[in-house]
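**Q**
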Amino acid sequence: MIGYGAVLVALAGLLMSLPHFISEPYRYDHASPGGISLTSKDPRWVGAWWLGFLISAGAVALAAVPYFFFPKEMPKEKHELRFWRKVLTVSDSPVSRGEDSPSEQSLQEPLEKQDGLVQIAPDLTVIQFIKVFPRVLLRTLRHPIFLLVVLSQVCMSSMVAGMATFLPKFLERQFSVTASYANLLIGGLTIPSAIIGIVVGGMLVKRLHLGPMRCGALCLLGALFCLLLSLPLFFMGCPTHQIAGITHEPGNLPGLEQFPACRGNCSCPLDDFNPICDPSTHVEYLTPCQAGCTSRVVQEALDKSQVFYANCSCVVGGGPVPAGSCDSACSHLVLPFMFLVSLGAALASLTHTPSFMLILRGVKKEDKTLAVGIQFMLLRVLAWMPSPVIHGSAIDTTCVYWAQSCGRRAVCRYYDHDLLRNRFVGLQFFFKTGSLACFALILAILRQQDKEERTQVTVSIPGLQQQQPLVSGPEKKPEEFRA
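Here it is in structure tokens:
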């Protein structure tokens with residue numbers, strides 16, 4: 077089944093790249109008579125977006141091949157299944173129950189009433205499973221540790237879903253870096269850091285033999301330090317570009333007072349977008365027409381060509397000015413920003429294995445399989461589906477200029493960088509705070525349960541310490557909890 081699932085994932089990757097081959101070629105705005113020469117820094121640059129899906133689909137298809145050589149049943153699990161079936165058959169016999177005749181009620185009762193039968197009875201019918209599911213679901217959702225762990229994972233998954241969807245775009249807009257460089261930073265720093273965090277969390281649980289209290293404390297510390305690392309991100313960013321006619325009034329732009337009629341004779345289309353930058357004032361114009369440019373010059377080089385516009389009546393000195401958006405003065409902050417994001421991702425991933433162990437060791441043995449299924453179902457429904465929509469809606473509210481297509485709002489050309497940073501990082505901070513609060517409640521509940529258990533042991537077995545030296549035989553180390 078795992079092999080078939082991997083093949084389906086590979087087919088899904090092929091389908092995601094299919095629109096590139098069946099859709100019409102991308103058409104750019106013809107905002108100048110000489111045409112448009114795009115580079116990877118241009119916001120209209122598309123690139124081979126479909127190539128990554130093809131490579132990933134091929135890798136998944138190759139990884140699925142070894143799964144088809146596995147046996148249908150593992151030998152150890154097969155023998156264990158036969159043993160438990162014999163045990164259940166003996167325990168369900170009339171002799172073991174002390175009855176003279178077989179009871180018809182035992183044949184009609186759901187199989188979940190037997191301890192562990194849901195796990196070891198693969199021949200559970202659909203009708204029996206439907207009868208079992210509501211009862212087990214309600215019992216699982218009423219478990220406080222399970223519910224709080226799932227809620228904390230929902231908060232963490234919401235943070236990850238929003239970051240995975242919009243972090244490349246955020247880096248492009250905030251620090252004026254190319255899409256390829258932004259994705260390279262994410263793939264080279266953030267994802268390996270998350271992998272290391274998961275591995276380190278699992279090693280700490282195994283090596284230190286962490287019990288429920290220590291697992292909860294480890295999750296709490298990881299979430300706390302991840303939250304603290306988010307605070308500097310609010311102050312690491314670039315200011316909004318000066319856009320002629322958008323972020324400043326035309327009368328306030330440097331040099332425009334010298335040219336009162338710089339665009340008086342120009343009838344510039346409002347829906348065109350071919351930005352140019354005035355390097356002397358760092359003012360960006362939507363099109364060469366809006367800058368009053370009348371000529372276009374192309375400088376050929378060995379590896380690429382550079383486009384300049386001259387005779388610009390709205391530019392001090394008349395130009396020439398280069399095509400493309402203005403470079404950011406604080407692009408160097410992208411590396412410290414990504415370092416903090418990656419370190420926070422490692423600390424957040426540190427909680428993955430301990431929180432998962434809290435679920436497996438907290439619920440009943442016969443409910444573990446269904447609890448894991450409920451956990452992933454809630455993560456998909458409550459985190460991975462709504463989180464990109466929430467982040468996208470928040471980012472759209474920071475737009476200062478929308479492009480129009482057929483009289484309707486199409487794509488955002490410019491954002492308010494300060495507002496974009498505060499809302500994007502603020503959403504991340506909100507979800508991290510929710511996860512931290514859930515882990516704090518989990519630790520408080522575990523401490524209360526541990527205190528109650530110690531009180532019950534003290535009351536039920538008085539004088540235990542005085543009797544212990546009289547007991548012969550090897551000492552048995554009590555387990556903190558049973559897996």
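Just add 76 to wherever you are in the sequence shown, counting from 1, and you've got the working numbering.
We put the CB at the ideal spot given by N, CA and C, even for glycine.
Classify residue 514 as buried or exposed, calling it buried when 16 or more other Cβ atoms lie within 10 Å of its own Cβ.
**A** Classification for residue 514: buried.
**Q** When DSSP labels each residue in this structure, what does residue 489 get in the three-state scheme?
**A** DSSP places residue 489 in strand when its eight states are reduced to three.
**Q** Inspect the beta-carbon positions of residue 237 and residue 244 and report whether they are closer than 8 Å.
**A** Their beta carbons are not under 8 Å apart, which means residue 237 does not touch residue 244 by this criterion.
**Q** Measure from the alpha carbon of residue 250 to the alpha carbon of each residue in 490, 531 and 503, then state which is nearest.
**A** Answer by Cα proximity: 490.
**Q** Ordered along the chain, which non-local residues of its own chain (more than five positions away) have a Cβ less than 6 Å from that of residue 423?
**A** Excluding sequence neighbours, residue 423 sits near 298, 301 and 302.
**Q** Whole angstroms are fine: how far does the CA of residue 346 sit from the CA of residue 563?
**A** Lying before the first or after the last residue shown, residue 563 is absent from the chain, which here runs from 77 to 559.
**Q** In three-state terms, what does DSSP make of residue 354?
**A** Here residue 354 sits in strand by DSSP.
**Q** If contacts are defined as beta-carbon pairs under 8 Å, then residue 225 and residue 431 qualify, I think. What distance do you get, rounded to the angstrom?
**A** Yes, residue 225 and residue 431 are in contact; Cβ-Cβ is about 5 Å, under 8 Å.
**Q** If I follow the unbroken alpha helix (DSSP H) through residue 417, where does it start and stop?
**A** Run containing residue 417: 410–425, per the alpha helix (DSSP H) assignment.
**Q** By how many angstroms is the C-alpha of residue 232 removed from the C-alpha of residue 463?
**A** Going from the Cα of residue 463 to the Cα of residue 232 covers about 11 Å.
**Q** Which of the three DSSP states, helix, strand or coil, is assigned to residue 147?
**A** Residue state, collapsed to three classes: coil.
**Q** Check whether the region 397–405 and the region 304–322 are in contact - that is, three or more C-beta pairs closer than 8 Å.
**A** Short answer: they touch.
**Q** Look at the alpha carbon of residue 143 and the alpha carbon of residue 137, and state the distance between them as a whole number of angstroms.
**A** Cα to Cα, residue 143 sits roughly 11 Å from residue 137.
**Q** At the level of alpha carbons, what is the spacing between residue 362 and residue 132?
**A** C-alpha separation (whole angstroms): 37 Å.
**Q** Please tell me whether residue 220 and residue 437 are closer than 8 Å, where the distance is taken between their beta carbons.
**A** Contact: no.
**Q** In the DSSP assignment, find the unbroken beta strand (DSSP E) run with residue 481 in it and report its ends.
**A** Per DSSP, residue 481 belongs to the beta strand (DSSP E) from 475–481.
**Q** Apart from the five residues just before and just after residue 447, which ones in its own chain have a Cβ nearer than 7 Å to its Cβ?
**A** Same-chain partners within the cutoff: 216, 222, 435 and 439.
**Q** Would you call the CB atoms of residue 296 and residue 286 closer than 8 Å?
**A** It is not a contact, given that the beta carbons lie outside the stated cut-off.
**Q** Distance, Cα to Cα, residue 502 vs residue 417?
**A** Cα to Cα, the separation comes out at about 14 Å.
**Q** According to DSSP, is residue 171 part of a helix, a strand, or is it coil?
**A** Residue confidence for residue 171 is low, a pLDDT of 48 falling below 50, so the modelled location carries little weight; the figure read from the coordinates is stated next. Residue 171: helix per DSSP, three-state reduction.
**Q** For residue 427, does the count of other Cβ atoms within 10 angstroms reach 16, so buried, or fall short, so exposed?
**A** Label assigned to residue 427: buried.
**Q** Just to check my reading of the structure: residue 322 and residue 476 have Cβ atoms closer than 8 Å, yes? What is that Cβ distance to the nearest angstrom?
**A** About 6 Å; that satisfies the 8 Å criterion.
**Q** Express the C-alpha separation of residue 420 and residue 24 in angstroms, rounding to a whole number.
**A** The structure shown does not extend to residue 24, since the chain is modelled only from 77 through 559, so no value can be given for it.
**Q** Would you say residue 310 and residue 499 are within 8 Å of each other, going by their C-beta atoms?
**A** No. Outside cutoff.
**Q** So, residue 468 versus residue 129, is the Cβ gap smaller than 8 Å?
**A** Cβ distance not < 8 Å, so residue 468 and residue 129 don't count as in contact.
**Q** Would you tell me roughly how many angstroms separate the C-alpha atoms of residue 36 and residue 257, rounded to the nearest one?
**A** The displayed coordinates of the chain run from 77 to 559. Any statement about residue 36 would go beyond what the structure contains.
**Q** Provide the residue span of the beta strand (DSSP E) that contains residue 252, from first to last.
**A** Segment: none, residue 252 is in no beta strand (DSSP E) and carries neither H nor E.
**Q** Kindly list the residues whose CB is nearer than 8 Å to the CB of residue 213, restricted to its own chain and excluding five residues on each side of it in sequence; keep chain order.
**A** Only 446 and 450 meet the Cβ criterion.
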